[in-house]
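Protein sequences, first through last, are from chains A and B. Using this note's numbering, you'd call the opening residue of the first sequence number 162 and step up by one each time. Using this note's numbering, you'd call the opening residue of the second sequence number 66 and step up by one each time. C-beta atoms are modelled at their ideal positions from N, C-alpha and C, and glycine is treated no differently. Data first, discussion second: the structure below is written as structure tokens.
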Amino acid sequence: MISTAQELHPAPVLEPGRTILELRGLEKRYPGTHALKPVNLAFKSGEIHAIVGENGAGKSTLIKLLTGVMPRTSGEIIWEGQPAALATPHEAMALGINAVHQEVVLCRHLTVAANMFLGEENSRFGILQQRAMVRQAQTIIDDLGFDLPAHVTLGDLTIGQQQLIAAARATVRGTKFLIFDEPTAYLTRKEADQLFTLIRRLKGEGVTIIYISHRMEEVFELADRVSVLRDGTLVGTRNIAETNDAELVKMMINRSIEQVYHKEHFTPGAAILEARSLSGKGFENVSMTVRAGEIVGLYGLIGAGRSEFVTTVYGRHRKSAGQILWEGKEVQVNSEHDAIRLGMALAPESRRDQGLCLNLPVGFNLNLPIYKRISNNLLISNTQEKTQADRQIADLRIKTPTRGALVSSLSGGNQQKIVIGKWLAHGAKLFIFDEPTVGVDVGTKAEIYRLFGALLSKGAGIILISSYLPEVYELADTLHVFRRGKLVATHGFHAASHEDILTQALAEKQEKLGGQI
Amino acid sequence: MSTEAIAVEKPKRNYNVLFGLTLLALLVLLWIVLSVATPSFASGNNIANLLRQGSMIAIMAVGQTFVIITGGIDLSVGAVVGFATVVVAMMINAGFPIWLAILATLLVGVAIGMFHGFGIVKMGLPPFIITLATLTSLRGIGLLMTNGNSINIKSDTFTAFSRSSFVGIPNLFWMVILVGVPAYIFLHHSRWGRYLFSVGSNAEASRLSGVNVQRTIYMAYTLSGLCAAFVGVLLAARIGIGNPTQAEGWELQAIASSVIGGTSLFGAVGSVHGPLLGAFILATINNGANLLNVNSFWQRIITGALIIIIVYFDGLRRRGK
Ligand SMILES: Nc1ncnc2c1ncn2[C@@H]1O[C@H](COP(=O)(O)OP(=O)(O)OP(=O)(O)O)[C@@H](O)[C@H]1O
Ligand SMILES: [Mg+2]
Numbered sequence: 162m163i164s165t166a167q168e169l170h171p172a173p174v175l176e177p178g179r180t181i182l183e184l185r186g187l188e189k190r191y192p193g194t195h196a197l198k199p200v201n202l203a204f205k206s207g208e209i210h211a212i213v214g215e216n217g218a219g220k221s222t223l224i225k226l227l228t229g230v231m232p233r234t235s236g237e238i239i240w241e242g243q244p245a246a247l248a249t250p251h252e253a254m255a256l257g258i259n260a261v262h263q264e265v266v267l268c269r270h271l272t273v274a275a276n277m278f279l280g281e282e283n284s285r286f287g288i289l290q291q292r293a294m295v296r297q298a299q300t301i302i303d304d305l306g307f308d309l310p311a312h313v314t315l316g317d318l319t320i321g322q323q324q325l326i327a328a329a330r331a332t333v334r335g336t337k338f339l340i341f342d343e344p345t346a347y348l349t350r351k352e353a354d355q356l357f358t359l360i361r362r363l364k365g366e367g368v369t370i371i372y373i374s375h376r377m378e379e380v381f382e383l384a385d386r387v388s389v390l391r392d393g394t395l396v397g398t399r400n401i402a403e404t405n406d407a408e409l410v411k412m413m414i415n416r417s418i419e420q421v422y423h424k425e426h427f428t429p430g431a432a433i434l435e436a437r438s439l440s441g442k443g444f445e446n447v448s449m450t451v452r453a454g455e456i457v458g459l460y461g462l463i464g465a466g467r468s469e470f471v472t473t474v475y476g477r478h479r480k481s482a483g484q485i486l487w488e489g490k491e492v493q494v495n496s497e498h499d500a501i502r503l504g505m506a507l508a509p510e511s512r513r514d515q516g517l518c519l520n521l522p523v524g525f526n527l528n529l530p531i532y533k534r535i536s537n538n539l540l541i542s543n544t545q546e547k548t549q550a551d552r553q554i555a556d557l558r559i560k561t562p563t564r565g566a567l568v569s570s571l572s573g574g575n576q577q578k579i580v581i582g583k584w585l586a587h588g589a590k591l592f593i594f595d596e597p598t599v600g601v602d603v604g605t606k607a608e609i610y611r612l613f614g615a616l617l618s619k620g621a622g623i624i625l626i627s628s629y630l631p632e633v634y635e636l637a638d639t640l641h642v643f644r645r646g647k648l649v650a651t652h653g654f655h656a657a658s659h660e661d662i663l664t665q666a667l668a669e670k671q672e673k674l675g676g677q678i
Numbered sequence: 066m067s068t069e070a071i072a073v074e075k076p077k078r079n080y081n082v083l084f085g086l087t088l089l090a091l092l093v094l095l096w097i098v099l100s101v102a103t104p105s106f107a108s109g110n111n112i113a114n115l116l117r118q119g120s121m122i123a124i125m126a127v128g129q130t131f132v133i134i135t136g137g138i139d140l141s142v143g144a145v146v147g148f149a150t151v152v153v154a155m156m157i158n159a160g161f162p163i164w165l166a167i168l169a170t171l172l173v174g175v176a177i178g179m180f181h182g183f184g185i186v187k188m189g190l191p192p193f194i195i196t197l198a199t200l201t202s203l204r205g206i207g208l209l210m211t212n213g214n215s216i217n218i219k220s221d222t223f224t225a226f227s228r229s230s231f232v233g234i235p236n237l238f239w240m241v242i243l244v245g246v247p248a249y250i251f252l253h254h255s256r257w258g259r260y261l262f263s264v265g266s267n268a269e270a271s272r273l274s275g276v277n278v279q280r281t282i283y284m285a286y287t288l289s290g291l292c293a294a295f296v297g298v299l300l301a302a303r304i305g306i307g308n309p310t311q312a313e314g315w316e317l318q319a320i321a322s323s324v325i326g327g328t329s330l331f332g333a334v335g336s337v338h339g340p341l342l343g344a345f346i347l348a349t350i351n352n353g354a355n356l357l358n359v360n361s362f363w364q365r366i367i368t369g370a371l372i373i374i375i376v377y378f379d380g381l382r383r384r385g386k
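The following block contains the structure:
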């Protein structure tokens, strides 16, 4: 039972610097994949230890073994000097090992408060103390500096906000060892800062932290040490002060990258899409034009209305006012089907909920939008189905044993590549990419940006939504800034500074979210 | 990409084939054991009988499988069969040509399926509820139409069909092939089949990928209704009467066959050959148990146990243990 936020993090038993957790020959095999080859690694009490590596390198697998989510194939885990079985998540939590997983694993239909206390509900004589739990949860959330209400249903929050709740939840359980698996993938700078404050505070309280990320600047900002995994092998561990970006990337992918943000400038052609004073659920009075050969970037905080705007353009939601013009003519887009027929393609924000059929094969997912094209009136062409899928797998370097493997068995970043890959062969004129590189490693990011260039050169237009400012900043020819459902500013390529854009995206006056949700 | 991984992985298609072979082996094993245990099992008469019994459930199971793959369920099929026997009997007795009577009955099945689609897509009702509602009301409508009596079908050509054979194989079994082959092509080699799977796996992702989810759901229930109405025609021909209370509980046998055949009630997993084999396994067990004079109460228990065992092992294999 939890009474106040102060008692939540008990003082650690170990003095800083001693080994708290040690991996000896830790190994994991999945059917068909040797995900983790024997790894030896020691974590020091009170350190922030970053783990980096390509998509499918085995980072999440390592975390799943440490938290008892999956059984290990062989090897030993030594916790505070004693071998630990770590066969169930329960056992890990009892030791004080908690994790915020890459995919939010909470109950979407329960309230934020219910999720925070899931498994250790506050009850009196068997009756849940709902009000008390909401109050306590709110205290904890406020105390962490997160601007979120505790009484709403979790599913009503954005993925980023859910991720913050998952982090808050992990801190309330007498944690000694806390693992973050790509926690900032869906967060904007502001939310990420809140999270970093939390992480530093936990460190100050003696908690050992593993931090997994594909963003190097975060690793350098937070970590004390960093370990690199490649293909299931530990390549090395460095003190953060003694290494640099280039060295880590080299260790990760075994080659160097000259330039991540590959940007080609084309002379924009005719307008493909024009929105005139478009309003709908979550945004109002938005006007913009996307022309052939240009990338239009949409930046803003999560919940600023960018995704709602594009899904409305795409026919998923009804517009309440305004016009959509397609190649100069006004059109009614009443369904996704209409949008696709016009020539739009949408890679949506949430790969789990909107992007993928997880329990179906990789090839199936990649071909889903083009089945019509690769079949005659009746039958699907087997060869086309194979070659199309294999081409995307090769182009995006999707790490999968075969095209027949289920998507659910792929690592997070590789799943994300499928969300994008399935549209690349579609031949659309307007591509809408909503957070396309969430959880994707540097090498593949560079590859994806190159593919953007290829699409543009064929005369397509791109709408790029990203909560990661450098991405839109370096890629967008035109950058629109959203704030609370309104388009508040527009800049040309590199025409404004990061600071200006950030200020425009943040509301001057910070209001509590509670009322609006 | 590690090359080592490529060598080890077995693609999903192979798994499907493997599972089908396992079921086939189970069926053959049952037949061998029963032939040894009782001499009457292997008689031509009994085999023909078994094939007739199994065929009707098999056809229903195919339609049911389409629905289950989309993540739904069709509880109405047994009632549709009973209702269809009434429709076809009344029309034949009213002097309509046989082909017209059959066609009209099939259209009734299509209409019922469309109604289910409407209830699910437009009214937002859960499949379980809307098909449960049809289950009870169809029986009621049939009873109203017949005043609770059976209708004797006055056409020998019609009834002769289901009793006769073609090249030594009962006509009813030929009907399984007539339904099974197009169903197989439809489910595994056409894009509509792919859409059934994708809707069952993630309807939102399918929508955003341009799949017409509503139409796909209509299609699944319509095909299930059509299969059931077809079975109604076959049943009417076999027993020579139209009676709305016929085929009581067949919906559960169809679902059981489908599940034994590897269909997942969570959606997105299933095949055509699996449910067909499942239906004949069930029919064999019932037939064998009859011949061995096993109490019919026990037959039900055995069927239940079999469902649990097969689905359990299938689940284990799928999770790769
Ligand atoms: N349940 C599973 N079944 C089979 N293979 C799996 C399963 N989970 C992961 N894998 C495989 O194990 C390897 C390592 O995956 P893991 O999720 O640990 O990668 P990761 O380093 O976290 O990558 P990312 O940066 O994309 O999140 C991948 O090749 C993946 O395909
Ligand atoms: Mg991962």
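Can you tell me where the alpha helix (DSSP H) holding M294 of chain A begins and where it ends?
Q291 to L305 is the extent of the alpha helix (DSSP H) around M294 of chain A.
Completely contained alpha helix (DSSP H) runs for the region 422-507 of chain A, where each covers 4 or more residues:
Within the region 422-507 of chain A, the complete alpha helix (DSSP H) runs of at least 4 residues are 467-474 and 497-503.
Going by DSSP, what residues sit across from K687 of chain A in a beta bridge?
Nothing about residue 687 of chain A can be read from this structure; chain A reaches only from 162 to 678.
With burial defined as no fewer than 16 other Cβ atoms inside 10 Å of the residue's Cβ, what is the status of C292 of chain B: buried or exposed?
Counting of Cβ neighbours within 10 angstroms places C292 of chain B among the buried residues, the total reaching 16 or more.
Which residue marks the beginning of the beta strand (DSSP E) containing V337 of chain B, and which one marks its end?
Going by DSSP, V337 of chain B is part of no beta strand (DSSP E) at all; its letter is neither H nor E.
Helix, strand or coil at F223 of chain B [DSSP, three-state]
Note: F223 of chain B maps to helix in three-state DSSP.
Buried versus exposed, by CB contacts within 10 Å (16 or more), Y422 of chain A:
Burial call: exposed.
Counting only beta-carbon separations shorter than 8 angstroms, does N81 of chain B have a partner in chain A?
For N81 of chain B, the answer is no, since every Cβ of chain A falls outside 8 angstroms of its Cβ.
For L363 of chain A, which residues in the same chain have their Cβ closer than 8 angstroms to its Cβ, ignoring the five residues on either side in sequence?
Hits under 8 angstroms: H170, T332, T336, L339 and I370.
Does the beta carbon of H498 of chain A sit closer than 8 angstroms to a beta carbon anywhere in chain B?
It does: the Cβ of H498 of chain A has a partner Cβ on chain B nearer than 8 angstroms.
Give a single yes or no on whether K560 of chain A has its beta carbon closer than 7 angstroms to a heavy atom of ligand 1.
It does: the Cβ of K560 of chain A is within 7 angstroms (strictly closer) of some heavy atom of ligand 1.
Start and end residues, beta strand (DSSP E) containing S271 of chain B
Per DSSP, S271 of chain B belongs to no beta strand (DSSP E); it is in the alpha helix (DSSP H), A268 to L273.
Bridge partner(s) assigned by DSSP for L390 of chain A:
Paired residues: A:G214 and A:L395.
Would you check whether ligand 2 has a heavy atom nearer than 7 angstroms to the C-beta of K220 of chain A?
Yes, Cβ of K220 of chain A sits closer than 7 angstroms to a heavy atom of ligand 2.
So with CB distances below 9 angstroms, who are the chain A contacts of V376 of chain B?
Residues of chain A passing the Cβ test: none, with the nearest at roughly 16 angstroms.
Closest Cβ-Cβ distance between F84 of chain B and chain A: below 8 angstroms?
So, not an interface residue.
Status (buried if at least 16 other CB within 10 Å, exposed otherwise) for Q243 of chain A
Under a 10 Å Cβ-count criterion, Q243 of chain A is classified as exposed, with fewer than 16 other Cβ atoms of the shown protein chains found around its own Cβ.
Using a C-beta to C-beta distance shorter than 9 angstroms, which residues of chain A count as neighbours of H254 of chain B?
Neighbours of H254 of chain B in chain A, taken as residues whose beta carbon is under 9 angstroms from its own, are S536, L539, L540, I541 and N543 in chain order.
For the alpha helix (DSSP H) holding G573 of chain A, just list the boundary residues, first then last.
That run of the alpha helix (DSSP H) goes G573 to L585.
Taking 7 angstroms as the cut-off, does the CB of D342 of chain A come closer than this to any heavy atom belonging to ligand 2?
Flag set: Cβ of D342 of chain A near ligand 2.
Sorry if obvious, but does the Cβ on S388 of chain A come closer than 7 angstroms to a heavy atom of ligand 1?
Set against 7 angstroms, the gap from the CB of S388 of chain A to the closest heavy atom of ligand 1 is not smaller.
Who are the neighbours of G516 of chain A on chain B, taking C-beta pairs under 7 angstroms?
Simply A270.
Mind checking P192 of chain A: buried by the 16 CB within 10 Å criterion, or exposed?
The residue in question, P192 of chain A, is exposed, as its Cβ has fewer than 16 Cβ neighbours within 10 Å.
Please state whether DSSP places D342 of chain A in a helix, a strand or coil.
Strand at D342 of chain A.
Do you know offhand how far G178 of chain B's Cα is from I195 of chain B's?
Each residue's Cα considered, the two are about 11 angstroms apart.
Do P522 of chain A and L571 of chain A have their C-beta atoms within less than 8 angstroms of each other?
If you check the CB distance, P522 of chain A and L571 of chain A do not come in under 8 angstroms.
Give the DSSP-derived three-state secondary structure of S221 of chain A in the structure shown.
Note: S221 of chain A maps to helix in three-state DSSP.
With the cut-off set at 8 angstroms, would you say L527 of chain A and Q545 of chain A are in Cβ contact?
In this structure, the beta-carbon distance from L527 of chain A to Q545 of chain A does not fall below 8 angstroms.
Below 7 angstroms CB to CB, which residues in the same chain sit around S289 of chain B once its five sequence neighbours on both sides are set aside?
G128, Q129, F131, V132, D139, V142 and G178, listed in sequence order.
Determine the chain B residues that contact N405 of chain A at a beta-carbon separation under 9 angstroms, and present them in chain order.
Near N405 of chain A there are no residues of chain B at all, since even the closest Cβ is about 28 angstroms away, more than 9 angstroms.
Any heavy atom of ligand 2 closer than 7 angstroms to the beta-carbon of S572 of chain A?
Yes, the beta carbon of S572 of chain A sits closer than 7 angstroms to at least one heavy atom of ligand 2.
Suppose you measure from the CA of T222 of chain B to the CA of H253 of chain B; what does that come to, to the nearest Å?
Their Cα atoms are separated by approximately 36 angstroms.
Return helix, strand or coil for H181 of chain B, following the three-state DSSP convention.
Reduced to three states, the DSSP call for H181 of chain B is helix.
Bridge partners - F231 of chain B, DSSP secondary structure assignment
Beta-bridge pairing links F231 of chain B to B:I234.
Leaving out the 5 sequence neighbours to the left and right, which residues in its chain are closer than 8 angstroms to H404 of chain A when beta-carbon positions are compared?
The sequence given here places Thr at residue 404 of chain A; His does not occur at that position. Cβ within range, chain order: V387.
Cβ shell of I464 of chain A (< 7 angstroms), same chain only, five flanking positions each side left out:
In the sequence as displayed, the identity of residue 464 of chain A is Gly instead of Ile. A distance below 7 angstroms between beta-carbons, with the five flanking residues on each side excluded, links G464 of chain A to the following residues of its chain, in chain order: T319.
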